[in-house]
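Single-structure report; data block below.
There are 2 protein chains.
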Amino acid sequence: MLKLFYASLTCALASHIALEETGADYEAVRLDFGTREQSSPAYLAINPKGRVPALVTERGTLTESPAILAFIAQSFPAAGLAPLDDPFAFAQVQSFNSYLCSTVHVAHAHRMRAGRWADDPMAIQDMQRKVPENVGGAFDLIERSMVKGPWVMGEAYTICDPYLFTLSLWLEGDKVDVANFPKVADHMRRMADRPAVARILEVHRG
Amino acid sequence: MLKLFYASLTCALASHIALEETGADYEAVRLDFGTREQSSPAYLAINPKGRVPALVTERGTLTESPAILAFIAQSFPAAGLAPLDDPFAFAQVQSFNSYLCSTVHVAHAHRMRAGRWADDPMAIQDMQRKVPENVGGAFDLIERSMVKGPWVMGEAYTICDPYLFTLSLWLEGDKVDVANFPKVADHMRRMADRPAVARILEVHRG
Chain E
0 MLKLFYASLT CALASHIALE ETGADYEAVR LDFGTREQSS PAYLAINPKG RVPALVTERG
60 TLTESPAILA FIAQSFPAAG LAPLDDPFAF AQVQSFNSYL CSTVHVAHAH RMRAGRWADD
120 PMAIQDMQRK VPENVGGAFD LIERSMVKGP WVMGEAYTIC DPYLFTLSLW LEGDKVDVAN
180 FPKVADHMRR MADRPAVARI LEVHRG
Chain H
0 MLKLFYASLT CALASHIALE ETGADYEAVR LDFGTREQSS PAYLAINPKG RVPALVTERG
60 TLTESPAILA FIAQSFPAAG LAPLDDPFAF AQVQSFNSYL CSTVHVAHAH RMRAGRWADD
120 PMAIQDMQRK VPENVGGAFD LIERSMVKGP WVMGEAYTIC DPYLFTLSLW LEGDKVDVAN
180 FPKVADHMRR MADRPAVARI LEVHRG
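Protein chains in written order, with numbering that gives the first Met the number 0: chain E, 0 to 205; chain H, 0 to 205.
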């Protein structure tokens, strides 16, 4: 059985929702970032990166949200979470998720994880000050040129949707007003209405 | 025919090599970052992100290296550039490429592109100072726990290899000594010996 390691409302929420949407059996194991459980020897033995998500399978452990999300879609094709038989459409899904991972998540991380990239407290403050501009700019591009509506890829709900939803939940903390992005705001409401999303949000907020 | 937009020795090199390895016909269009051609209206109409690579196909334009690399592998299955029929093995490929994109490339980018995340010149200096530590740390993890050898995924040459090679070429500029990472150094030598790699390197350096 698949085992997902996550921490509350981190980017692992996307993989958690995707797993729940498949209807498959899986186990979810919560890490406490407050006590830095992600850096414990026990967890580093599972994922040397000391990050979440990590998905433990019968064949080994997978990390990185875009890879885990595509793996979930390919492992449970009946759930229809990605256009698996169309390389171009699949690449569009992957392009969107890669942008969230390498640009949007990174822009956001310069607020609470700025110490990854600088040591001087003044430098860290300057990086944090720029977060609303960078995260807002990325969501502006998402609004204008990426979200087709009602779901990210159009009529089909895919692995892009829980990932966008997860990063949208961070906007308020990043001091970016989602009201500036009507399609993203509508997407958040649609997501919250899905039973699988509501169940997993309750787990993360519990 | 596929058309790849690239700039010399940027991360687009990975997609360029992968295309060349397939033996397919394609056109490569060079952008001059020196004159900020990536921000020209003409290019922004092709890729609103103003970045490379961008791969123009009959059905539209794809961006983000991990997505383009997987698309190349899926579009030219005879080239054998990814384990397409094995979701777990494919996810391992994707996980590696996602790490390069979202962690290693980002760590590197804090040297020449630090202005993306801060404005204060002192902050930018502090970020640049930390680049060797961050890039070196990422390559240490790659060396210890990711590269199986002789290729990234073991005996099979995949889309992970041109991507690792591309980022390895940046090590010297980042003041990270590749000699600290014998498997990565060996990988660089093996890559340089491949005819397709030598041809594309010559194009990028020309």
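We put the CB at the ideal spot given by N, CA and C, even for glycine.
Contact between the region 148-159 of chain E and the region 117-129 of chain E is absent, with fewer than three C-beta pairs closer than 8 Å. Think of a sphere of 7 Å around the beta carbon of His109(H): the chain E residues whose beta carbon falls inside it are Trp116, in chain order. Put simply, the backbone Cα of His104(E) is about 25 Å away from that of Glu26(E).
For the region 46-69 of chain H, the set of positions with a beta-carbon nearer than 8 Å to some beta-carbon of chain E reads Pro47, Lys48, Thr56, Arg58, Gly59, Leu61, Thr62, Glu63, Ser64, Pro65, Ala66, Ile67 and Ala69 in chain order. Contact of Asn179(E) with chain H is not assigned, every C-beta pair being separated by 8 Å or more. DSSP places Lys182(H) in the helix class (H, G or I) of the three-state scheme.
At least one C-beta of chain H is nearer than 8 Å to the C-beta of Tyr98(E). Close to Val105(H), with beta-carbon spacing below 8 Å, are these residues of chain E in chain order: Ser101 and Val105. Residue nearest to Glu19(E) within the set Met121(E), Ile199(E), Tyr98(E) and Phe95(E) is Ile199(E) (criterion: CA-CA distance). For Gly59(H), the secondary structure class from DSSP, reduced to helix, strand or coil, is strand. Rounded to the nearest angstrom, the gap between the Cα atoms of Arg115(E) and Asp24(H) is 42 Å.
When 7 Å is used as the limit between beta carbons, Lys129(H) is near these residues of chain E: Trp116, Ala117 and Asp118, in chain order. Within the model, the alpha-carbon separation for Ala69(H) versus Val202(H) is close to 23 Å. Within the same chain, Val51 come within 7 Å of Thr9(H) by CB-CB distance, once the 5 residues on both sides are set aside. Interface flag for Met121(E) against chain H is set, since a Cβ pair is found closer than 8 Å. Taking 8 Å as the threshold, the shortest C-beta distance from Ser144(E) to chain H falls below it. Inter-residue distance for Val28(E) and Phe4(H) is about 43 Å (C-alpha atoms, whole angstroms).
Burial is judged here by how many other beta carbons sit within 10 angstroms of a residue's own beta carbon; Arg110(H) has at least 16 and is buried. Contact between Val92(E) and Val134(E) fails: their C-beta atoms lie close to 22 Å from each other, not under 8 Å. Scanning the region 29-82 of chain H for uninterrupted alpha helix (DSSP H) segments of 4 residues or longer gives 40-45 and 64-74, listed from N- to C-terminal end. At a beta-carbon threshold of 8 Å, the residues of chain E lying near Ala90(H) are Leu61, Ala66, Ile67, Ala69, Phe70 and Gln73, ordered along the chain. When beta bridges are read from the DSSP output, Leu1(H) appears opposite Tyr25(H). Residue environment analysis places Asn179(E) among the exposed positions, since fewer than 16 neighbouring C-beta atoms fall within 10 angstroms of its C-beta.
At the C-beta level, Ile67(H) and Leu80(H) stay beyond 8 Å of one another.
In the DSSP assignment, Cys159(H) falls within the unbroken alpha helix (DSSP H) covering Cys159 to Ser167. Each of Val196(E), Lys147(E), Leu166(E) and Cys100(E) was checked against the Cα of Pro65(E), and the nearest Cα belongs to Cys100(E). Around the beta carbon of Glu57(H), fewer than 16 other beta carbons sit within 10 angstroms, so the residue counts as exposed.
By the neighbour-count criterion, in which a residue is buried when 16 or more other Cβ atoms sit within 10 angstroms of its Cβ, Ser97(H) is buried.
The C-alpha of Ala191(H) is placed about 20 Å away from the C-alpha of Phe95(H). By the rule that beta-carbons nearer than 8 Å mark a contact, Pro86(H) touches chain E.
The Cβ of Leu18(H) sits no closer than 8 Å to any Cβ of chain E. Shown here, Gly148(E) sits in coil according to DSSP, grouped into three states, outside any helix or strand.
Nearest to Gly205(H) by alpha-carbon distance, out of Lys2(H), Ala6(H) and Phe75(H), is Ala6(H).
The Cβ of Met190(H) sits no closer than 8 Å to any Cβ of chain E. Using a CB distance cut-off of 8 Å, Asp125(E) counts as an interface residue toward chain H. In chain E, no part has a C-beta under 7 Å from the C-beta of Leu43(H); the shortest such distance is about 10 Å.
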